[in-house]
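Quick notes on the structure that follows.
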Amino acid sequence: MYKQPYLIEYPKIGNTLQGYISVAEKEKLPFDVKRVYWTYYTPEEVKRGGHAHHQLEQILIAVAGKIIVETEMPGGIKDRFILESPNVGLLMPTYCWHTMQYSHNSVQVCIANMAYEESDYIRDYNEFKLIK
Ligand code: TYD
144 MYKQPYLIEY PKIGNTLQGY ISVAEKEKLP FDVKRVYWTY YTPEEVKRGG
194 HAHHQLEQIL IAVAGKIIVE TEMPGGIKDR FILESPNVGL LMPTYCWHTM
244 QYSHNSVQVC IANMAYEESD YIRDYNEFKL IK
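The opening position of the sequence shown corresponds to residue 144 in my numbering, with each subsequent residue numbered one higher.
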């Protein structure tokens with residue numbers, strides 16, 4: 144019933160001598176893109192996130208550095224993802240409680256299916272735990 148989070152591998156075009164290009168084309172974007180934002184300079188000791196969303200789906204990519212993403216779905220299924228390849232994204236479905244911790248050099252790009260709307264957030268963990 145709920146979609147679970149999963150990794151998406153993007154093409155890695157190039158080689159060690161020339162460098163690489165990765166690309167997210169339509170068939171590897173499971174929704175219409177409405178927003179792209181990026182997160183950077185987060186101190187290593189800070190855990191960001193700590194919320195879920197009613198409508199938002201997004202793909203997180205560590206285009207630099209390493210990001211540890213912990214997820215929990217309604218019903219209690221928990222996962223832990225380590226993003227450290229610029230050609231790998233994590234699809235974060237709706238109703239996915241998540242936290243992120245960043246290496247000092249990391250840059251996270253998020254590709255999202257909707258505009259920023261605070262009313263879409265579930266920021267209270269107890270409220271999240273009530274979702275069946
Ligand atoms: P939030 O989504 O809680 O960040 P994170 O999940 O990384 O901890 O957003 C932090 C703040 O930034 C919050 O006040 C809302 C604001 N914000 C926007 O104004 N627009 C955006 O597109 C995003 C993602 C956040």
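Positions of the beta carbon are idealized from the N, C-alpha and C atoms, including for glycine.
Quick one: complete beta strand (DSSP E) runs, 3+ long, within the stretch 186 to 225? For the stretch 186 to 225, whole beta strand (DSSP E) runs of length 3 or above, ordered along the chain, are 190 to 196, 201 to 207, 210 to 215.
Could you tell me whether any non-hydrogen atom of the ligand TYD is closer than 8 angstroms to the CB of residue 239? False, no ligand heavy atom lies under 8 angstroms from that Cβ.
First and last residue of the alpha helix (DSSP H) that includes residue 170? Membership of residue 170 in any alpha helix (DSSP H) is not indicated, and neither H nor E is assigned to it by DSSP.
Could you say which of 256, 273, 266, 246 lies nearest to residue 172 if we only look at CA atoms? Nearest option by C-alpha distance: 256.
Does any heavy atom of the ligand TYD sit closer than 8 angstroms to the C-beta of residue 247? No - the ligand TYD has no heavy atom lying nearer than 8 angstroms to the Cβ of residue 247.
Using a Cβ cut-off of 9 angstroms (strictly closer), state whether residue 218 contacts chain D. Although the question refers to chain D, the structure presented lacks it and comprises just one protein chain.
Spatially closest choice to residue 253 from 168, 180, 155, by CA coordinates: The shortest C-alpha separation from residue 253 is found at 180.
Under 9 angstroms between the Cβ atoms of residue 163 and residue 236? The answer is no: Cβ separation not under 9 angstroms.
Comparing alpha-carbon positions, which option in 195, 212, 205 lies nearest residue 273? Comparing Cα positions, the closest option is 195.
If you run the structure through DSSP and keep just helix, strand and coil, what is residue 269? If DSSP states are grouped into helix, strand and coil, residue 269 belongs with the helices.
Burial state of residue 203, where buried means 16 or more other Cβ atoms lie within 10 Å: With 16 or more Cβ atoms within 10 Å of its Cβ, residue 203 is classed as buried.
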